[in-house]
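K.L.:
There are 2 protein chains.
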Amino acid sequence: MSDADQADRESGTVFMPRYDAQGLVIGIAMDAQSREVLMVAFMDAEAVARTRETGLAHFHSRSRGKLWLKGESSGHFLRVQEIRVDCDQDALVMMVTPEGPACHTGARSCFYRRIAGDGLERIEI
Amino acid sequence: MSDADQADRESGTVFMPRYDAQGLVIGIAMDAQSREVLMVAFMDAEAVARTRETGLAHFHSRSRGKLWLKGESSGHFLRVQEIRVDCDQDALVMMVTPEGPACHTGARSCFYRRIAGDGLERIEI
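Taken in sequence, the protein lines are chains A and B.
This note's numbering numbers the first residue of the first sequence as 1 and each following residue consecutively.
This note's numbering numbers the first residue of the second sequence as 1 and each following residue consecutively.
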């Protein structure tokens, strides 16, 4: 990446995601109200485009190798209020309103444990 | 990953990060007070260990291929209050107290723009 490209990406008003070698950026979903991080996954160009078109968070499933509409099986969609972009445009934070638990375990957020001593403990979120 | 491994990872109290093929997990730093996402980068086992030992956020720089103590050149360290782990243990959220702007551009957070129409606009964070 040239210095000019980097300057454009950092200070410009053009959305130009910097996809990695696998064609992915990081996508973080944050509850716009509780301000908890709900989940994080990867997004490819198709997932970014579909998210913008529909207002529902889409990701790219690396294990299944395809587009993944969050909530497609559970009905627990994430309604996207705003998409924030980081300095080098390789990560997005989506401010969302969740339509149910974000985690497939039934927890509101996937981040339901914290490191405590040598292990993990459950937290209330 | 076997079903047993997956169940252990999801419901257990053992911290066993699931590093990807490159030996990395996603590390998100969130301001414990303002509850803004400050930055996101990758962490390898060494970065995770050093973060736990020192209480200062460390990452793995993919471009430089080495351990990166956030703030090592700027002095803007991120003091880690708590480390949260997601269901499949391939991402961490660090609740931090920043000792200065988290972004190398001088912004408090790297996520200082949002998508607006076809472009980006600056936001106050």
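Glycine included, every Cβ here is placed at the ideal spot set by N, Cα and C.
Starting from residue 11 of chain B and walking both ways along the alpha helix (DSSP H), at which residues does that stretch end?
P.N.:
What you label residue 11 of chain B is simply residue 11 of the second sequence in a count that begins at 1. Looking at the DSSP string, the run of the alpha helix (DSSP H) that includes residue 11 of chain B is 3-11.
K.L.:
At a Cβ threshold of 8 Å, is residue 39 of chain A touching chain B?
P.N.:
To locate residue 39 of chain A, count along the first sequence from 1; it is residue 39. Taking Cβ atoms only, chain B reaches closer than 8 Å to residue 39 of chain A, which makes this a yes.
K.L.:
Which residues, in chain order, does the region 38-66 of chain B contribute to contact with chain A at a C-beta distance below 8 Å?
P.N.:
39, 40 and 52
K.L.:
Beta-carbon within less than 8 Å of residue 114 of chain A's beta-carbon, same chain only, minus the 5 sequence neighbours each way: which residues are those?
P.N.:
Indexing the first sequence from 1 puts residue 114 of chain A at position 114. Excluding sequence neighbours, residue 114 of chain A sits near 120, 121 and 123.
K.L.:
Buried or exposed, going by whether 16 or more other CB atoms sit within 10 Å of the CB of residue 29 of chain B?
P.N.:
Taking the second sequence and counting its residues from 1, one reaches residue 29 of chain B at position 29. That one is buried.
K.L.:
How long is the line joining the alpha carbons of residue 45 of chain B and residue 40 of chain A, rounded to whole angstroms?
P.N.:
Taking the second sequence and counting its residues from 1, one reaches residue 45 of chain B at position 45. Taking the first sequence and counting its residues from 1, one reaches residue 40 of chain A at position 40. Distance between the alpha carbons of residue 45 of chain B and residue 40 of chain A: 19 Å.
K.L.:
So, is the C-beta of residue 71 of chain B closer than 8 Å to a C-beta in chain A?
P.N.:
Taking the first residue of the second sequence as position 1, residue 71 of chain B is located at position 71. For residue 71 of chain B, the answer is no, since every Cβ of chain A falls outside 8 Å of its Cβ.
K.L.:
Identify the contact partners of residue 91 of chain B in chain A, using a Cβ-Cβ distance below 7 Å as the criterion.
P.N.:
Residue mapping note: residue 91 of chain B aligns to position 91 of the second sequence, counting from 1. Going along chain A in sequence order, the residues near residue 91 of chain B (Cβ under 7 Å) are 40.
K.L.:
Against chain B, does residue 24 of chain A count as a neighbour if the rule is that its beta carbon must be under 8 Å from one of theirs?
P.N.:
Locating residue 24 of chain A in the first sequence gives position 24, where the first residue counts as 1. Taking Cβ atoms only, chain B never reaches closer than 8 Å to residue 24 of chain A, which makes this a no.
K.L.:
Specify whether the region 72-81 of chain A and the region 49-59 of chain B touch according to this definition: at least 3 beta carbon pairs, one from each stretch, less than 8 Å apart.
P.N.:
no
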